[in-house]
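The structure appears below as structure tokens.
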Amino acid sequence: MDARVLNGLRIVADLMAVSACTAPKAGGMDWVRSRTATDEEKRAVCRVMRETGASKGAALSASRGRIGEAIQMDWASDADAVEASALLFLVGVQGRKAVGINCGGCGFATCAEMLGRGPLPKDGSDFPGPFCIFRIMDLSIAAGSAAKTAMEHNVDNRMMQKVGAAALKLGLLAPCDLILGLPLSATGKNIYFDRLDKLEARKTLGLIRE
Numbered sequence: 000m001d002a003r004v005l006n007g008l009r010i011v012a013d014l015m016a017v018s019a020c021t022a023p024k025a026g027g028m029d030w031v032r033s034r035t036a037t038d039e040e041k042r043a044v045c046r047v048m049r050e051t052g053a054s055k056g057a058a059l060s061a062s063r064g065r066i067g068e069a070i071q072m073d074w075a076s077d078a079d080a081v082e083a084s085a086l087l088f089l090v091g092v093q094g095r096k097a098v099g100i101n102c103g104g105c106g107f108a109t110c111a112e113m114l115g116r117g118p119l120p121k122d123g124s125d126f127p128g129p130f131c132i133f134r135i136m137d138l139s140i141a142a143g144s145a146a147k148t149a150m151e152h153n154v155d156n157r158m159m160q161k162v163g164a165a166a167l168k169l170g171l172l173a174p175c176d177l178i179l180g181l182p183l184s185a186t187g188k189n190i191y192f193d194r195l196d197k198l199e200a201r202k203t204l205g206l207i208r209e
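Put into structure tokens, the structure is as follows:
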């Protein structure tokens with residue numbers, strides 16, 4: 000990659016961190032964190048994504064055949080896209096920092112009840128919820144603001160939950176327990192679209208209609 004382009008991507012990633020920082024937060028309390036992963040961390044994230052997809056797929060292949068294969072293909076496709084990306088931006092939140100207004104949005108009657116329920120075991124789920132709905136909104140707004148900044152600077156990007164799940168398993172961006180990943184790319188063709196393996200997997204999973 001042209002050194003000027005790579006340098007530009009790093010500058011944009013820093014600007015994305017600014018956007019995530021200044022994004023509105025519920026109650027004015029900021030539990031959002033972000034940073035650009037190192038090359039070594041990016042490779043580790045890709046490895047864990049493939050391992051997770053293989054594990055999830057194998058668990059279903061015996062009983063549901065093609066569904067298990069599609070899940071593995073879906074995770075592998077995203078891992079390939081991240082691997083081909085120049086940079087990986089991570090943004091996360093401490094999702095169990097409850098606002099304390101007992102709104103019920105998390106599915107529990109009170110914040111205390113929600114906090115007393117979890118967190119779920121990390122081995123059994125991608126994210127150790129339950130989480131405060133306001134913190135989920137904080138992360139969504141921050142990630143959206145970061146993606147907007149990338150878009151405004153013509154940097155191809157894709158918001159990925161699977162990246163966040165892998166980053167969490169690796170202990171990246173601690174103490175955040177809910178993470179999203181935004182891989183960044185600058186090439187003549189957007190690498191995140193027209194992925195035939197991804198499309199085929201999502202059709203099999205019923206996420207895309209013919």
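Position one of the sequence shown corresponds to residue 0 (numbering that gives the first Met the number 0), numbered consecutively onward. The beta-carbon is built from N, C-alpha and C at its ideal position, and this holds for glycine as well.
Query raised in the report: Which value, in whole angstroms, describes the spacing of the CA atoms of residue 79 and residue 199?
Result: 15 angstroms
Report task. Tell me whether the beta-carbon of residue 92 lies closer than 9 angstroms to the beta-carbon of residue 26. Result -> no
Query raised in the report: At which residue ranges does the stretch 3-80 contain complete alpha helix (DSSP H) runs of 4 or more residues, listed in the order of the chain?
Result: 38-63
Query raised in the report: Could you check where the beta strand (DSSP E) with residue 133 kicks off and where it finishes?
Result: Segment 132-151 is the alpha helix (DSSP H) holding residue 133; no beta strand (DSSP E) there.
Query - Delimiting residues of the beta strand (DSSP E) encompassing residue 94 - result: Element bounds for residue 94: n/a, residue is neither H nor E.
**Report entry** Reduced DSSP secondary structure (H/G/I, E/B, other) of residue 155
**Finding:** strand
Query raised in the report: DSSP beta-bridge partners for residue 181?
Result: 88
Query raised in the report: Helix, strand or coil for residue 171 per DSSP?
Result: coil
Query raised in the report: Is residue 114 helix, strand or coil when you go by DSSP?
Result: helix
Query raised in the report: Whose C-beta lies closer than 8 angstroms to the C-beta of residue 87 among residues of the same chain, with five residues either side of it excluded?
Result: 35, 36, 40, 41, 44, 81, 162, 180, 181, 182, 183
**Report entry** Residue range of the alpha helix (DSSP H) that includes residue 194
**Finding:** Taken as a continuous stretch (DSSP letters only), residue 194 belongs to no alpha helix (DSSP H), as it is neither H nor E.
Report task. In angstroms with no decimal places, state the Cα-to-Cα distance between residue 194 and residue 72. Result -> 11 angstroms
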